[in-house]
Amino acid sequence: MSDGTAVIYVYDGSFDGLMCCVGESLRRGERPEDIILPADLQETLFPTVVIGTDIGLSKKTTSLIRERIGARTLAFIKRVYLTRMERRETAILDFILKSFAQGKSLLGDMVSEQVLPMIKAVRHLNNEAELLKGFIRFSDMDGVLVSVIKPENQVLPLLARHFCDRFPDSRILIYDEGRGEVLLCGEGKSSIGYIDDFKLPRLSAEEKNYRALWQSFYETAAIKERYNPKCRSGHMPKRYWAYMTEFCRRERYVPQSELTEPSDSA
Amino acid sequence: MNTEEKLKILADAAKYDVACTSSGAQRQGRKGYTGSASAAGCCHSFTADGRCVSLLKVLMTNVCAYDCAYCVNRRSNDVPRAAFTPRELAELTMQFYRRNYIEGLFLSSAVMRDPDHTTEQLISVLRLLRTEYRFRGYIHAKAIPGTDPRLIEELGTLADRMSVNIELPSEQSLKLLAPDKTKEGILGSMKRISDGIKENSEALVKYRSAPQFARAGQSTQMIVGATPESDRKILALAEGLYKKYGLKRVFFSAYIPVTEGRGLPAADTRPPLMREHRLYQADWLLRFYGFSAEEILDEAHPYFNTLIDPKCNWALNHMELFPVEVNSEAYEMLLRVPGIGVKGARRIVAARRSSALDFDDLKKLGVTLKRAKYFITCRGRALPGLNMRPDVIAGELMSSNVCKDLPEAEQLSLFDAEEYRKCLTGQL
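Going line by line, the protein sequences match chains A and B.
The numbers in our numbering rise by one with no breaks, and the one at position 182 of the first sequence is 182.
Count along the second sequence starting at 1, add 1000, and that's the number in our numbering.
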C-alpha cells in the first residue's frame, strides 16, 4: 500500500478498463478496496480514483500477465470478466496479485477458496453460452436475422464466432436486453456495441407463418404418455422461455395460396 | 393439404423414434453455404416430455406398404396420411435452420411402394439440400432395410449419420410383430453402412477429396417392453452391435401402446420408463466407463435392480475391490466408484497434481460423497464415523428417484439433468 489509506477505483466497465485498474494497482503498489462502475459511485465513503481506459496500458498489462503467469491464465481471466460473478473485478485483481507474488498461476489450485468460485462462475458462463447457441431464436427481418435475449452472463463475445461461421452470408443482430449490448455479424466480421432502445419491427406474413409452423412442430413432438415438465425445465430453464418462438403468442398459419393477395388491413 | 397439416401428421408419426442427436460431425461454415456442425451436437429446445429437440424430425411420408403390429403407420391402421414433396421439405428445413430452431434434418419414412423407391425420395430431399440450398448443417437419414446397396451408398454420402432400426431385440419378436422385416435385411443394411464407413475412411487416407460417407457414423434403436426379452439379452445385443458394426449409439425406446392386440401389451400399459432409464445407464457404462455387459448383468441376474443403479449395484457386489485411494488410484478405477463420474474423475486427476485431496476438496470438485464415501480413502483415511453395515450402504445407494408415490413418468425428472441431456445428445 502506498500510504495505507483505502481507495476505490472507478472504471468504465470494459475489459481494457479493468486491465488499466490492474496496471495502476501494480504501479502504485496498492490494493483498492473495490473496483466499481460510475453508476455505483454514490454508495461509497472511500476516496475514489477514476481510472481512465488507455488501450496502451491495457495491452502492457495483458502482456505482462501472459509473460508471468501464462496465456491460459489470461484467457481464464478474460472469461471471469464476462461472468455474472459478484465483485469479479476485485477477485480478478487479487488473483493476479497473488499469482504474481507466488511466481506462478493460481489456476492449478482448483479447490482453493479464491479460485473455485471463479471456476464455477466461468463454468456457468460457458454453460449459458452453450445453451444459447441452441435456444436463440432469429426472426427474419428483411433478410437480417434478429434475436433478443436476456442472459445472466455477458455471452455475446462467446456467440459471435458460432453464428458468423454458421451463417456466413447473412447479416445477424443479437440484442442483449439486460445490458443494452448488441452483437452485429456480417460479411465474416463481427462487432459489439451498445444501443439504448431496441424494438423489433413488425413481423412479415412469411415470418409469422414459419413461427406458426415451428409452434406446431414443437407441440406435436411431445409424447403425452411421457409428459414430464420438471425434466423440461431442468434442461431448458424457464428464464429463457420468454425469448423463444415456441412459447410466443400463437399466430395463425396462413396457407401460401391465401398469402398472395396483398391485404393491407392492419 | 397445406404445409402445416402435413407437418403435424408427419412429425407426429416420426416422434416415437428416440434418436434425435446431432453429434459426431464437425464441420465449419463456408462462404456461399449455410450451416455448420459441431461434434458435441446441440439441443435447440426440449419438448414437454423433457426430450431434446435437435433436428427437424419428420417422415417423408406415412403411407406405408408394411403392416408392423407395434407401429402407428402400419397399413391396416386408420390414420390420416400425408407426404411432403422434396422441395417443400427442403424449403422448410432451410427456413427452420435460418431461424436457429434446429440443428438440421432427421429424415425417415414409411415404406412407400418398396424400399428402393422410398430411398430415392429421401435422396432427392438430401440432394436438394446439399447442392441447391448449399446446406452444411447436420442430416440424419434412415436406411430402409432391403434397399439396393448403391442407393444406400448414395444416401450415405449426403447424410452425416445413418441408422437402421433393429426394432425389436430378437428374431422371434421381429417375426411376430414386424412380419415384413427380417433380421437379415436389418443386419445386412447395418453391415453395408459399417463397411461403407470403413472403406471410406481408407479412401480418405489415400485421397482427401473422396466423398465422405456417413461421417458421424450409424446408430440404431430398439423397442423395449413390447416383447419378452430380458434386460441382459438387450444389453448383450447392444454390446454386440457396438463391437461388430462400430455403432455410435444404440437407443432404447420404452414401448408406448399405439395400437392393440396381436401379441402386444395391453393398451393401458405404462411405458416402462424405469427400465429404459436403467438401460441407458448401463449403455453409458459400456461406452464411457469401461464395463462389459457381462459385468453388469449375468445369468443369475438377468434384470436390472429397480432400486439401485447398475454402477452402484456392481460396486456393492465387488466390495473386495474397495476402498481406493483417490490421490493415487488409476483413472479407470476411479470411474468405477459410485458418485464419481467422467467429469469428476477427470477433475480429480487434474486437481491432485497440485495438492493431495481431502473429502472437502472432492465435494468442491462435484463428487457425490453420499455415495462415494463408502468406496474411497483420502490421504489414506476413510471418512470418520462411516457406518459400513451393508444394509446402511445399500440404503444410501438407492436411487433418489425411487419413490413409490411418484407416477412412473415423473421419475425421470429427478435424475441428474445434465447427465440426461448428455445421454440424449450423445455428448461426453
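By construction, the Cβ of each residue, glycine as well, lies at the ideal position given by its N, Cα and C atoms.
Separation of residue j from residue i, as counted between CA atoms
i                 : j                 : result
Thr1227 (chain B) : Tyr1303 (chain B) : 14 Å
Leu68 (chain A)   : Ser99 (chain A)   : Just to set this straight, residue 68 (chain A) is Arg in the shown sequence, not Leu. Computed Cα separation, rounded: 9 Å.
Thr1269 (chain B) : Gln1026 (chain B) : 41 Å
Met1162 (chain B) : Gly1217 (chain B) : 7 Å
Leu1362 (chain B) : Lys1206 (chain B) : 48 Å
Arg232 (chain A)  : Glu1171 (chain B) : 36 Å
Tyr1097 (chain B) : Ala1082 (chain B) : 23 Å
Val80 (chain A)   : Glu1132 (chain B) : 43 Å
Ala1214 (chain B) : Arg1381 (chain B) : 51 Å
Leu183 (chain A)  : Leu1365 (chain B) : 34 Å
Pro1407 (chain B) : Phe138 (chain A)  : For Pro1407 (chain B), the predicted model reports a pLDDT of 35, less than 50, meaning its position is unreliable; a value from the coordinates is still stated below. Approximately 38 Å between the Cα atoms of the pair.
His235 (chain A)  : Ile136 (chain A)  : 15 Å
Leu203 (chain A)  : Glu187 (chain A)  : 24 Å
Thr1377 (chain B) : Val1018 (chain B) : 41 Å
Leu1369 (chain B) : Ser1108 (chain B) : 44 Å
Gly1246 (chain B) : Leu1237 (chain B) : 13 Å
Gly1156 (chain B) : Lys1248 (chain B) : 15 Å
Arg161 (chain A)  : Ala91 (chain A)   : 28 Å
Ser1023 (chain B) : Gly1137 (chain B) : 11 Å
Asn1401 (chain B) : Pro1390 (chain B) : Interpretation of Asn1401 (chain B) is limited by its pLDDT of 48, a score under 50 that renders its predicted location unreliable; the figure taken from the coordinates is listed afterwards. If I take the Cα positions, the gap works out to 21 Å.
Gly1032 (chain B) : Val49 (chain A)   : 51 Å
Gly108 (chain A)  : Ala1330 (chain B) : 20 Å
Asp1405 (chain B) : Lys238 (chain A)  : Confidence at Asp1405 (chain B) is low in this model, with a pLDDT of 33, below 50, so the placement of that residue should be treated as unreliable; the coordinate-derived value is given next. Taking the straight line joining both Cα atoms gives about 26 Å.
Pro1271 (chain B) : Ile172 (chain A)  : 43 Å
6 Å Cβ shell around residue i - same chain, five flanking residues per side excluded
i                 : result
Ile1166 (chain B) : Ile1186, Thr1220 and Met1222
Asp1067 (chain B) : Arg1074, Arg1075 and Ser1076
Tyr1289 (chain B) : Leu1335
Leu1128 (chain B) : Pro1086 and Ala1090
Gln1121 (chain B) : Met1060
Cys1064 (chain B) : Asn1073, Arg1075, Ala1110 and Val1111
Ser1354 (chain B) : none
Cβ neighbours of residue i in the same chain (closer than 8 Å, five flanking residues each side left out)
i                 : result
Lys20 (chain A)   : Note on residue identity: the sequence assigns Cys, not Lys, to residue 20 (chain A). Once the five neighbours on either side are set aside, the close Cβ partners of Cys20 (chain A) are Tyr11, Ile51, Gly52, Thr53, Asp54, Leu57, Ser58 and Thr61.
Met1094 (chain B) : Thr1034, Leu1129, Tyr1133 and Phe1135
Lys1008 (chain B) : none
Ala266 (chain A)  : Here Ala266 (chain A) scores only 38 on pLDDT, less than 50, and its place in the model should not be relied on; the value that follows carries that caveat. For Ala266 (chain A), where only same-chain residues beyond five positions count, there are no Cβ hits under 8 Å.
Asp196 (chain A)  : Gly180
Glu1004 (chain B) : none
Contacts that residue i makes with chain B (C-beta to C-beta distance below 7 Å)
i                : result
Pro229 (chain A) : Ala1048
Pro255 (chain A) : Asn1002
Partner residues on chain A for residue i, Cβ-Cβ distance less than 7 Å
i                 : result
Pro1390 (chain B) : Within 7 Å Cβ-Cβ: nothing; Pro1390 (chain B) doesn't reach chain A, min ~32 Å.
Asn1100 (chain B) : Ile136, Arg137 and Phe138
Leu1059 (chain B) : Under the 7 Å cutoff, chain A gives no residues; its nearest Cβ is about 12 Å from Leu1059 (chain B).
Pro1265 (chain B) : Within chain A, no residue comes near Pro1265 (chain B); the closest Cβ sits about 13 Å away, beyond 7 Å.
Gln1221 (chain B) : The contacting residues do not exist; Gln1221 (chain B) stays about 14 Å from chain A at best.
Cβ-based neighbour list, residue i, same chain, cut-off 7 Å, excluding 5 preceding and 5 following
i                 : result
Thr1047 (chain B) : Val1053
Leu1176 (chain B) : Gly1263
Pro38 (chain A)   : Val10
Ser191 (chain A)  : Leu184
Glu246 (chain A)  : Trp214, Gln215 and Tyr218
Lys1191 (chain B) : Tyr1245
Partner residues on chain A for residue i, Cβ-Cβ distance less than 8 Å
i                 : result
Ser1328 (chain B) : Under the 8 Å cutoff, chain A gives no residues; its nearest Cβ is about 17 Å from Ser1328 (chain B).
Val1053 (chain B) : Tyr218 and Ala221
Lys1031 (chain B) : Pro168, Asp169 and Gly188
Interface residues of chain A facing residue i [CB-CB closer than 9 Å]
i                 : result
Thr1034 (chain B) : Arg166, Phe167, Pro168, Asp169 and Ser170
Cys1042 (chain B) : Glu130, Lys133 and Gly134
Lys1015 (chain B) : Thr220, Ala221, Ala222 and Ile223
Phe1096 (chain B) : Tyr210, Leu213, Trp214 and Phe217
Within-8 Å CB hit, residue i to chain C
i                : result
His124 (chain A) : Annotation note: the requested chain C is absent from the structure, which comprises protein chains A and B.
field: Meets three-Cβ-pair contact criterion under 8 Å: the segment 98 to 115 of chain A and the segment 1002 to 1013 of chain B
entry: no
- prompt: What alpha helix (DSSP H) runs, 4 residues minimum, are completely inside the segment 1073 to 1125 of chain B?
  reply: 1086 to 1098
- request: Give a yes or no on contact between the segment 142 to 157 of chain A and the segment 172 to 188 of chain A, applying the rule of three or more CB pairs nearer than 8 Å.
  value: yes
- request: Would you check if the segment 1321 to 1329 of chain B and the segment 1277 to 1293 of chain B touch, i.e. whether three or more CB-CB distances between them fall below 8 Å?
  value: no
- prompt: Should the segment 1247 to 1266 of chain B be called in touch with the segment 1298 to 1314 of chain B, which here means at least 3 C-beta pairs below 8 Å?
  reply: no
query: Should the segment 1291 to 1309 of chain B be called in touch with the segment 1232 to 1251 of chain B, which here means at least 3 C-beta pairs below 8 Å?
result: yes
message: Threshold first: 4 residues or longer. Then list the alpha helix (DSSP H) segments lying entirely within the segment 156 to 214 of chain A, N to C.
response: 156 to 166
- prompt: Counting Cβ pairs closer than 8 Å, one from the segment 214 to 231 of chain A and one from the segment 155 to 172 of chain A, do we hit at least three?
  reply: no
query: Could you give the uninterrupted runs of the alpha helix (DSSP H) lying entirely in the segment 1215 to 1300 of chain B, keeping only those of 4 residues or more?
result: 1231 to 1245, 1273 to 1288 and 1293 to 1296
Entirely enclosed alpha helix (DSSP H) segments - the segment 63 to 125 of chain A, minimum 4 residues: 71 to 82 and 88 to 102
- request: For the segment 1022 to 1081 of chain B, list the beta strand (DSSP E) runs that are entirely contained and at least 3 residues long, ordered along the chain.
  value: 1055 to 1059
- request: Count the CB pairs spanning the segment 1197 to 1204 of chain B and the segment 1141 to 1148 of chain B that are closer than 8 Å, and state whether there are at least three.
  value: no
Completely contained alpha helix (DSSP H) runs for the segment 1123 to 1159 of chain B, where each covers 4 or more residues: 1149 to 1158
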